[in-house]
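Working notes, beginning with the structure itself.
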Amino acid sequence: MLKLYGYYRSSAAYRVRIALELKSLNWESVPVNLLFGEQKNESFSQHNPQGLVPMLESSGQFFAQSLAIIEYLDELHPEPPLLPSGTAQRARVRGMAHQIAMEMHPLNNLRVLKYLENELGLNEEKKSSWYQHWIAEGFRPLEKTLKIYSSEGQFCFGESLSLVDVCLIPQVYNGLRFNCDLSGYPLIKSIWDHCMTLDAFRHASPEAQPDAPEE
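If you want it as structure tokens, here you go:
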């Protein structure tokens with residue numbers, strides 16, 4: 048069985064959970080509490096020296112980096128595909144996914160937010176302002192891109208789910224946590240609303256994970 052080492056609120060782990068659920072794979076969650084620094088434990092770092100989640104264990108092998116993990120799963124289990132069949136279309140989907148995962152997410156992940164608080168002395172209000180600024184910087188061009196490629200505001204690229212949706216939903220989730228206003232991004236909001244009606248996205252949500260604290 049596949050094992051996913053992750054943290055319930057990690058956007059990167061959230062992406063992989065969505066992919067696992069979309070492909071109806073059997074997998075086990077192995078919680079890694081980032082707040083307690085468990086990602087730095089030798090038992091974890093010996094397989095992933097970068098010390099970041101997620102990490103996937105598959106047939107005795109360990110894989111890091113969410114997009115690499117998702118493409119690994121997509122090649123092993125091609126249905127439903129998360130990348131289009133055409134070369135140009137795959138490049139466009141990867142480009143949009145990278146826009147979210149490599150440009151937006153790194154500025155607002157837990158390591159950055161902890162640095163802002165612990166080293167720069169920013170309070171919660173200023174951290175929230177930082178988050179909202181950079182998510183707006185990412186969502187504005189993404190909304191324009193979606194106007195070109197989205198179909199009726201259900202999915203990010205065309206009429207079927209893709210790697211872009213897998214990356215977008217966790218980013219919107221975190222944006223809403225920081226009270227980001229989505230009214231200026233109607234396509235992003237529409238795609239969020241639609242995807243969250245689907246079982247795979249609901250089952251992958253942070254609140255549905257075994258390490259999520261009880262309300």
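If you're matching positions, the sequence shown starts at 48 in the working numbering and goes up one per residue.
Note that CB positions come from ideal geometry on N, CA and C, so glycine has one too.
Please read all numbers here as calculations on a predicted model, not as lab measurements.
- According to the DSSP assignment, Met102 belongs to the beta strand (DSSP E) that extends over 102 to 105.
- The stretch 74 to 129 contains, as complete alpha helix (DSSP H) runs of 4+ residues, the segments 89 to 92, 113 to 123 (chain order).
- For Gly185, the three-state secondary structure derived from DSSP is helix.
- Counting along the chain, Lys50 sits inside the beta strand (DSSP E) bounded by residues 49 to 53.
- Contact check for Val100 against Leu81 passes: the beta carbons are separated by less than 8 Å.
- Between the beta-carbon of Trp74 and that of Leu114 there is about 18 Å, and that puts the pair past the 8 Å contact cut.
- By the criterion of a C-beta distance shorter than 6 Å, Ser175 is surrounded in its chain by Phe225, once the five residues flanking it on both sides are discounted.
- Of the candidates Cys227, Met243, Asn221, Asn221 places its Cα closest to the Cα of Tyr55.
- Judged by pairs of C-beta atoms under 8 Å, the stretch 243 to 255 does not touch the stretch 83 to 95, as fewer than three such pairs exist.
- Scanning its chain for C-beta atoms nearer than 7 Å, with the 5 sequence neighbours on each side dropped, one finds around Phe248 the residues Ile65, Ile216, Cys242, in chain order.
- Judged by DSSP secondary structure, Tyr220 falls within the alpha helix (DSSP H) whose first and last residues are 210 to 224.
- Apart from sequence neighbours up to five positions away, the residues of its chain that approach Ser198 with a beta-carbon distance below 6 Å are Gly205, Glu206, ordered along the chain.
- Phe202 sits in a strand when the DSSP states are folded into three classes.
- According to DSSP, Ser197 shares a beta bridge with Gly205.
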